[in-house]
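If you read the sequence shown in our numbering, its first letter stands for residue 1204, the second for the next number, and so on.
Beta carbons are placed, not taken as given, at the ideal position from N, Cα and C, and that holds for glycine.
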Amino acid sequence: MEFRDELDELIRTLRSLRSSLARESGAQVYKAGILQGVKKLARRWFDKFEIELKPYCAQNVIAQYRVEFTALLDLSLSQGNRRASYLKHLDAIIRTFNKDVILNVHTTPQTGNVSHAVLDAILSEIADPDESAYMREAIECAKNGYMRAAVVLGWCAGIERIHKRVEKIGFTKFNVISAQMASATAGRYKKFSKVQNVTSTSDLRTVFDADVLWIIEGMGLVDINQHTRLRSCFEMRNNSAHPGDAPITPYNLMSFFSDLNEILFKNKNFVV
């Protein structure tokens, strides 16, 4: 079944559940069949639809429905909750689902599963002209199916933001933190040995990107999980720039751009 058909089935199921609840005469819901139906529907949202809608819908739209499905799941976990509460959250979903989700999925231009609308939204949030130029080229490549080129150019935009943030904080701190990390004899940084002596942006651009990621973690700009995700983006960039059999799929690409956007471009630690 195609994804669009699955969404149509989802809205039909939502309406069917609402009708079943509306026919109930009591103020509380006790029927196991209804509880199981609501629980199954909510779990399917979290297991499938919330994930697969990411290339199609803006994050705030998905978050809006997460709130409603979470409430439904919570209600379904015990008997005796108010029927009006179920109806309230079902109505909140049904009322806007066609416009917010189904219509958007049907009308958003796609390259594979690359959402043009989501990519354009990311680009619109980047004010810096240099970063914007890199990202604009990256997004045009993505829209035309040039996945590897999109990754390489997208990483250029990301590392440019990191370089500018380091420059704003000061190269001295970058150097001092690298020395402190290199002197560690235990803990996470005990294998780090790359003491830096950067005095300009030109110098910074000669530092390997992998080392820069370690040092910005040491500076507290990213945590271990964010570092790991950025490292994955960097490795995808390397895979894209060198011959190899590892594919770059639309899902890889959307995850790549999402991570750059959330960890760098929208992160207050990287405001420049």
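Residue environment, residue i, which counts as buried when at least 16 other CB atoms sit within 10 Å
i: A1225; result: exposed
i: I1254; result: exposed
i: Q1399; result: buried
i: E1209; result: exposed
i: E1328; result: exposed
i: R1246; result: exposed
i: Y1233; result: exposed
i: A1341; result: buried
i: L1424; result: buried
Beta-carbon spacing of residue i, residue j below 8 angstroms
i: S1396; j: A1382; result: no
i: F1437; j: L1416; result: yes
i: L1278; j: V1304; result: no
i: N1378; j: V1410; result: no
i: I1325; j: F1473; result: no
i: I1296; j: Y1259; result: no
i: I1380; j: G1421; result: yes
i: V1475; j: D1331; result: yes
Spatial distance of residue i from residue j (CA atoms)
i: L1238; j: D1426; result: 40 angstroms
i: P1446; j: A1360; result: 22 angstroms
i: F1206; j: W1248; result: 13 angstroms
i: A1266; j: L1256; result: 11 angstroms
i: C1344; j: A1352; result: 6 angstroms
i: S1219; j: L1275; result: 15 angstroms
i: F1300; j: I1214; result: 8 angstroms
i: H1430; j: G1357; result: 17 angstroms
i: N1307; j: G1236; result: 32 angstroms
i: H1174; j: H1366; result: The structure shown does not extend to residue 1174, since the chain spans only 1204 to 1475, so no value can be given for it.
i: S1403; j: Y1337; result: 21 angstroms
i: H1480; j: K1302; result: Nothing about residue 1480 can be reported from this structure: the residues present for the chain run from 1204 to 1475 only.
Cβ distance (whole Å) where residue i is taken to contact residue j below 8 angstroms
i: V1354; j: R1440; result: 5 angstroms
i: R1364; j: E1334; result: 6 angstroms
i: L1290; j: R1221; result: 7 angstroms
| task | Run through the region 1248-1279 for me and flag every whole alpha helix (DSSP H) of 4 or more residues, listed as ranges in chain order. | result | 1262-1279
| message | For a minimum of 4 consecutive residues, which ranges assigned as the alpha helix (DSSP H) are wholly contained in the region 1333-1401? | response | 1350-1372, 1374-1385
| message | Give the list of continuous alpha helix (DSSP H) stretches no shorter than 4 residues that lie fully inside the region 1391-1452. | response | 1404-1407, 1412-1421, 1427-1444
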